[in-house]
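Peer 1:
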Amino acid sequence: MTMTKPSRRATALSFLFLVRPPTGVFSLSLSPPIPILYDSSNNLHRSIQYHAEQPARVSVCVDALREHATSRDGDGDVGYRIRDVAPESSSADVELSEDRLTLARSTLADAHSEEYVAGFQTRCLASREARIAEGKNPLGFVGYVDSDTYLTTECE
């Protein structure tokens, strides 16, 4: 048996079906709509190793969601709301300000529980304090959240 990799369009349409099944499968009325958060600056992502979420995958999925939303019969209710949380035009390689950290924390809290977000912050701060106590540069690697997401001490 030969396995073939699904096309980008097929992947996006599969994702789209999970978010909102085609009309006629069953009715889904959501209030408020499901927020779909994405980062159009993902092509600027710096990774320590190979990163599975390649920019092209995100773009294909977002384009398919937008196409689906505009192809509806004009009722305007697609059950989801797409929000770019970090447009590329707003991205720069600069030290994080308090405002940027507050925005990042708020964005994380949109998708995760407050306890989950606070746990990351506690872990980052503890690592930063330990680095300072050891005489090291305060900015450094903390550890992995999962196989392709890592934390640094830049958290205060």
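Residues -11 to 144 (the working numbering) are what the sequence shown spells out, left to right. Backbone N, C-alpha and C define an ideal beta-carbon position, used for all residues, glycine too.
1) I'd like to know whether the C-beta of E55 is nearer than 9 Å to at least one C-beta of chain B.
2) Taking 9 Å as the cut-off, decide whether the C-beta atoms of Y26 and V73 are in contact.
3) Mind checking who L25 pairs with in its DSSP beta bridge?
4) Does the beta-carbon distance from V130 to T141 come in below 9 Å?
5) Could you tell me whether the Cβ atoms of Y68 and I120 are closer together than 9 Å?
6) CA-CA distance, H100 and P21?
7) Buried or exposed: E117, going by 16 or more other Cβ atoms within 10 Å of its Cβ?
8) Is it the case that the Cβ atoms of R115 and E76 are separated by a distance below 9 Å?
9) Within the same chain, show all residues whose beta-carbon is closer than 7 Å to that of R111, passing over the 5 residues directly before and after it, in chain order.
10) Please classify D65: does DSSP put it in a helix, a strand, or coil?
11) Count the other CB atoms, across all protein chains shown, that sit within 10 Å of the CB of A52; report buried if there are 16 or more and exposed otherwise.
12) Report yes if the C-beta distance between L113 and V105 is below 9 Å; otherwise report no.
13) Closer than 8 Å by C-beta to N125: which residues in its own chain qualify, once you throw out the five before and the five after it? Chain order, please.
14) In whole angstroms, what separates the C-alpha of T90 from that of E102?
15) L139 bridges to which residues according to DSSP?
Peer 2: By the coordinates alone:
1) Structure shown: chain B not included; a single protein chain is present.
2) Position 38 of the sequence shown, counted from the first residue, corresponds to residue 26. Position 85 of the sequence shown, counted from the first residue, corresponds to residue 73. It is a contact, given that the beta carbons lie within the stated cut-off.
3) What you label residue 25 is simply residue 37 of the sequence shown in a count that begins at 1. Residue pairing from DSSP places L25 in a beta bridge opposite R71.
4) The residue labelled residue 130 in the question sits at position 142 within the sequence shown. The residue labelled residue 141 in the question sits at position 153 within the sequence shown. Yes, the pair counts as a contact, with Cβ atoms nearer than the cut-off.
5) The sequence position of residue 68 within the sequence shown is 80, counting from 1. The sequence position of residue 120 within the sequence shown is 132, counting from 1. No. Outside cutoff.
6) On the sequence shown, position 112 is the one that residue 100 refers to. On the sequence shown, position 33 is the one that residue 21 refers to. Taking the straight line joining both Cα atoms gives about 17 Å.
7) As a working note, residue 117 is residue 129 in the sequence shown. Only exposed fits E117, as fewer than 16 other CB atoms lie within 10 angstroms of its CB.
8) Here the question's residue 115 lines up with position 127 in the sequence shown. Here the question's residue 76 lines up with position 88 in the sequence shown. In the sequence as displayed, the identity of residue 115 is Ser instead of Arg. No; because the gap between Cβ atoms is not below 9 Å, this pair is not in contact.
9) By one-based count along the sequence shown, residue 111 stands at place 123. So the qualifying residues of the chain are V130, L139.
10) For the purposes of this step, residue 65 is taken as residue 77 along the sequence shown, with counting starting at 1. Three-state result, D65: coil.
11) Taking the sequence shown and counting its residues from 1, one reaches residue 52 at position 64. Taking every protein chain shown into account, the CB of A52 has 16 or more other CB atoms within 10 angstroms, so this residue is buried.
12) On the sequence shown, position 125 is the one that residue 113 refers to. On the sequence shown, position 117 is the one that residue 105 refers to. Contact: no.
13) The residue you call residue 125 lines up with position 137 of the sequence shown. Taking N125 as the centre and dropping the five residues before and after it, the same chain places the C-beta of R119 closer than 8 Å to its C-beta, in chain order.
14) Here the question's residue 90 lines up with position 102 in the sequence shown. Here the question's residue 102 lines up with position 114 in the sequence shown. T90 and E102 have their C-alpha atoms some 13 Å from each other.
15) The sequence position of residue 139 within the sequence shown is 151, counting from 1. G131.
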